[in-house]
Amino acid sequence: MPSNATAAPAPDGRLDEASLLAEARAKTGLRDFGDESFLEPMRRLLWSLEHEARLTPAGRAGHRTRIVGLLLARLQTNDWLVRHPEIEREPVDVRFVVVGFPRTGTTLLQRILARDPRAGSLAWWECRHPAPLPGWDPATARDVPDPRIERAKAEVAGMLAFNPALAAQHPLDAMAPDEDMMLLEHAFQASAPCGSNNVPSYMRWHLLEDGIASYRDHARLLRFLAWQKRMRGEPVGPYVLKAPHHMLHVDRLLEHFPNATIVQTHRDLLDTLPSLASLSLELRRLTSDTAHPSECAEYALATARARLAGLERVRAATPVKKWIDIWFGDVVAKPLAVVERIYDRIGLELPGPVREEMGRFIAENGRDRRPPHGYTLEQFGLDAASVEREFADYRARYVLPTIAARRATD
């Protein structure tokens, strides 16, 4: 997006900034969005959606609904913060941040770690809808189901009904722990729009922005959600967070939550890149009839480059004890052994009942419980030799030694 460009209204006015802001204000009766650092990234995203994403009418309507929803949440969150300034002082601790490329076992590992009742986690419905719906007060409605839950369940059901192939690629569940990247969407600075749409101009900007404002928002929303849990009478343990997006800005996350240990999952990029491109293709088909595999490959490559650069920069300046490296194959084949290693590394006991609960979850939620997901490099115009050349340093440090060690013990 050119630096002097603004989001041009669509012919039907669906994705213009003015009407989006006006609709959110009209629906809530609120006017103050608080920190307005979200406006520039929102404008850039709108420009790319309008000029590059080739959206279907239904896709445009879906984006408008989602963007208005994000704006509603900003207005409502700011209103709660004004009425309850103690939220900004809500104590929040983070035990683990699971990072790694998509398709490397991050979701399974997060959900296993979250089975420990001493830990805190964020369900998909919480990340998707962090602000209570109008008229709902977590402090006075403890015994009544939160209406956000049914709304989130309906959203997940709708996504899977429209594109059943998603079930093979990500275990969507409104009630399960999921990516807190969704909190960053409220700052319009998350990776999700880049994977779900062809928005190259927005993506180039997004991969270079500094993360300061978005992670300030992220920490504020995490405190808000922890406060809501406490108001509902629920325990709030140290959180287990997870998002491949955090690879870009682990340093920003650690500025807010310095006690966190970073658990990084690894897998050969020869497998990861086509898997990520395949997921992107299925997501883009939700909103566009002209999703191109080659564009999904460009997204996967650009994202991989930026995330690796960001993560290695932070690793070089962070104590080694803050990091735990985990091989994808171990998460799949021997997940409890992986958990034992992680707990041992930070000196945390793994009691028998917790181990048993984790074992039950693994038995009920293994990868074999989901439909198969097939993909190849060639489907997306990629070839092994070029991937090996471009990511030679990463593969030499994290991948090839592990593969060699596994072969030696077979």
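47 is the number of the first residue of the sequence shown in our numbering; add one for each residue after it. Ideal Cβ positions, reconstructed from N, Cα and C, are used throughout, including at glycine. Note that the structure is a prediction, hence the values are computed from the model and not measured.
Within the same chain, Arg161 come within 6 Å of Glu403 by CB-CB distance, once the 5 residues on both sides are set aside.
DSSP places Val114 inside the alpha helix (DSSP H), whose first and last residues are 103-129. When beta bridges are read from the DSSP output, Thr311 appears opposite Ile372. Val282 is positioned such that its CB atom lies no closer than 8 Å to that of Lys288. With a 10 Å radius around the Cβ and a threshold of 16 neighbouring Cβ atoms, Ser432 comes out exposed.
Going by DSSP, Phe142 is part of the beta strand (DSSP E) stretching over 140-145. When the alpha-carbon of Leu316 is set against those of Pro381, Arg106, Tyr389, Pro148, the nearest one is in Pro148. About 6 Å separates the Cβ atoms of Asn209 and Glu328, confirming a contact at the 8 Å cut-off. Note that the segment 193-207 does not touch the segment 305-316; fewer than 3 beta-carbon pairs, one per stretch, sit closer than 8 Å.
Under the DSSP assignment, Val190 falls outside any alpha helix (DSSP H); it carries neither an H nor an E label. Note on geometry: alpha-carbon atoms of Ile408 and Leu396 lie some 16 Å from one another. Here the segment 138-155 does not lie against the segment 86-96, with fewer than 3 beta-carbon pairs under 8 Å apart. By the Cβ rule, the segment 115-129 counts as touching the segment 253-270, because three or more pairs are nearer than 8 Å. When only Cα atoms are considered, Val366 and Ala306 end up about 13 Å apart. Under a 10 Å Cβ-count criterion, Gly115 is classified as buried, with 16 or more other Cβ atoms of the shown protein chains found around its own Cβ. Within its own chain, the residues whose Cβ lies closer than 7 Å to the Cβ of Ile133, once the five positions on either side in sequence are excluded, are Trp126, Leu127, Arg269, Phe270, Trp273, listed in chain order. For Glu358, the number of other beta carbons within 10 angstroms of its own is below 16, and it is reported as exposed.
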